[in-house]
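Q:
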Amino acid sequence: MKTTDLIVHSAIVGLLAVGMSGNALAAKKGMEKCAGIVKAGMNDCGTAKHSCAGQGTVSGAADEWVYVAKGSCDKIIGGTLFVKK
């Protein structure tokens, strides 16, 4: 691999990492974790069964959650505020 390619690849990876961490922090402000309403494969974080977002295999699972605007989880049928046990 050329030095130029290595520099470009490193810069891209760095930008992606910064972008992802910024999105995670921004998502928490004014948001709450709502469980029980997630479509399979659309969860926002890992659980005891898997370690990453998007790996939920069952729709409506009680331990899978997504971020929603504060105050809206209680308004969604089947939605409960997620509290880590």
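Its first residue numbered 23, the sequence shown is counted upward by one per residue in our numbering.
Even for Gly, the Cβ is constructed at its ideal location relative to N, Cα and C.
No experiment lies behind these values; they were computed from the predicted model shown.
Could you tell me which uninterrupted beta strand (DSSP E) segments, each at least 3 residues in length, are contained entirely in the region 53-103, listed from first to last along the chain?
A: You should have 53-57, 87-91.
Q: Does the region 63-73 come close enough to the region 90-101 that 3 or more CB-CB pairs lie under 8 Å?
A: Flag = no, the region 90-101 and the region 63-73 do not touch.
Q: How would you call Gly76, buried or exposed, if buried means at least 16 neighbouring beta carbons within 10 angstroms?
A: Answer is exposed; the Cβ neighbour count stays below 16.
Q: For Ser81, which of Val90, Tyr89, Gly100, Ala91 has the nearest alpha-carbon?
A: When only C-alpha atoms are compared, the closest one is Gly100.
Q: Measure the C-alpha to C-alpha separation of Glu86 and Met53 and round it to an integer number of angstroms.
A: Answer to the nearest angstrom: the Cα atoms are 16 Å apart.
Q: Three-state secondary structure (DSSP) at Lys50?
A: The answer is helix: DSSP assigns Lys50 an H, G or I state.
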